[in-house]
Each structure stands twice: as structure tokens, then as C-alpha cells.
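The structure under discussion appears below in the form of C-alpha cells.
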Amino acid sequence: MRRVDDGMGWAGRGLCTNLDPDAFFVQGAEQQQVKARCGPCPVRLECLADALENRMEFGVWGGMTERERRRLLRQTPNVSDWLSLLQEAEQSRSHRSA
Ligand code: SF4
Numbered sequence: 033m034r035r036v037d038d039g040m041g042w043a044g045r046g047l048c049t050n051l052d053p054d055a056f057f058v059q060g061a062e063q064q065q066v067k068a069r070c071g072p073c074p075v076r077l078e079c080l081a082d083a084l085e086n087r088m089e090f091g092v093w094g095g096m097t098e099r100e101r102r103r104l105l106r107q108t109p110n111v112s113d114w115l116s117l118l119q120e121a122e123q124s125r126s127h128r129s130a
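For the sequence shown, counting from 1, position 86 maps to 118 in the numbering used here; every step adds exactly one.
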């Protein structure tokens with residue numbers, strides 16, 4: 033895992049637990065490969081919410097690059113609970129595809 037356990041309980045369940053932390057701090061086309069690793073991660077939403085709430089400036093977190101996170105933060109600047117918002121969006125998406 034590329035972050036220490038932050039007390040949130042999810043950090044140790046990430047699929048990147050045993051990966052080189054530097055693998056998530058790449059640029060360009062390599063970022064797409066890294067993002068694909070996050071797709072099936074069971075804590076993807078928690079990871080992404082944490083990165084958004086803490087304004088992580090670099091790296092791929094929760095399947096989003098820094099540029100994608102910056103855009104999302106610009107588009108939705110007043111979110112106080114990213115995890116709830118992401119979970120609602122995910123549920124809505126899965127209902128539409130069912
Ligand atoms: S979403 Fe990606 S970066 Fe976050 S814990 Fe899972 S594998 Fe690691």
C-alpha cells in the first residue's frame with residue numbers, strides 16, 4: 033500500500049497493498065494502465081474520496097489522475113462528503129446498467 037493506515041480502516045484492503053508506491057506516480061499514457069489497476073479495487077471509492085478531500089496533488093488515486101481530480105473539484109467545489117456522493121453516483125450508475 034502506498035499510504036500508511038490512516039485510521040479509516042480501508043487503507044489496508046487496497047489492491048495496491050504490495051505494489052511499489054512509485055507505480056502510481058507516472059505520467060502520460062502510463063497513467064491509463066495504472067488507472068485500470070484501481071478499477072476492481074474494493075476500496076476504490078474510499079481511496080478516491082480521501083484523495084479529493086485531502087486535495088492530493090499528484091498521482092493516481094481511486095482510479096483518477098490528478099488532472100481528472102482537479103477538474104472534478106472545479107466542477108463541484110462545495111462537496112463536504114465525497115464518499116457519500118461517490119457512493120450515490122455508483123449506485124445510480126449500477127441501477128441504470130441493471
Ligand atoms: S483504488 Fe487504486 S490507489 Fe486506491 S487503494 Fe485501490 S488500487 Fe490502491
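In this text, a Cβ means the ideal position worked out from N, Cα and C, and glycines have one as well.
How big is the Cα-Cα spacing for alanine 43 and cysteine 73?
Numbered from its first residue, the sequence shown carries residue 43 at position 11. Numbered from its first residue, the sequence shown carries residue 73 at position 41. C-alpha separation (whole angstroms): 11 Å.
Candidates Leu51, Val66, Glu85, Phe56, of which the one nearest leucine 105 by Cα:
By 1-based counting over the sequence shown, the position of residue 105 is 73. Checked all of Leu51, Val66, Glu85, Phe56; the closest Cα to leucine 105 is Glu85.
On the DSSP letters alone, give me the boundaries of the alpha helix (DSSP H) that leucine 47 sits inside.
Position 15 of the sequence shown, counted from the first residue, corresponds to residue 47. Where leucine 47 is concerned, there is no enclosing alpha helix (DSSP H), given that its DSSP letter is neither H nor E.
Same chain, Cβ closer than 8 Å to glutamate 122, neighbours up to 5 away in sequence not counted:
In the sequence shown, counting from the first residue as 1, residue 122 sits at position 90. Leu77, listed in sequence order.
CA-CA distance, glutamine 119 and glycine 60?
Here residue 119 corresponds to residue number 87 of the sequence shown, with the count starting at 1. Here residue 60 corresponds to residue number 28 of the sequence shown, with the count starting at 1. Going from the Cα of glutamine 119 to the Cα of glycine 60 covers about 28 Å.
Unbroken stretches of the alpha helix (DSSP H), 4 residues or longer, contained in the segment 39 to 112:
Runs found: 62 to 70, 76 to 85, 98 to 107.
Between which residues of its own chain and leucine 80 is the CB-CB distance below 7 Å, once the five residues before and five after are set aside?
Position 48 of the sequence shown holds residue 80. Annotation for leucine 80: Trp93, Gly94, Gly95, Met96, Leu118 place their beta carbon closer than 7 Å to its own, counting only its chain and skipping 5 residues before and after.
Short check: CB of valine 75 to CB of valine 66, under 7 Å?
Numbered from 1 along the sequence shown, position 43 holds the residue referred to as residue 75. Numbered from 1 along the sequence shown, position 34 holds the residue referred to as residue 66. For valine 75 and valine 66, no; Cβs fall outside 7 Å.
For leucine 77, verify whether its CB is less than 6 Å away from any heavy atom of the ligand SF4.
For this step, residue 77 is matched to residue 45 along the sequence shown. The ligand SF4 has no heavy atom closer than 6 Å to the beta-carbon of leucine 77.
With DSSP as the reference, label alanine 130 as helix, strand or coil.
As a first step, residue 130 must be located in the sequence shown, where it is residue number 98. Three-state result, alanine 130: coil.
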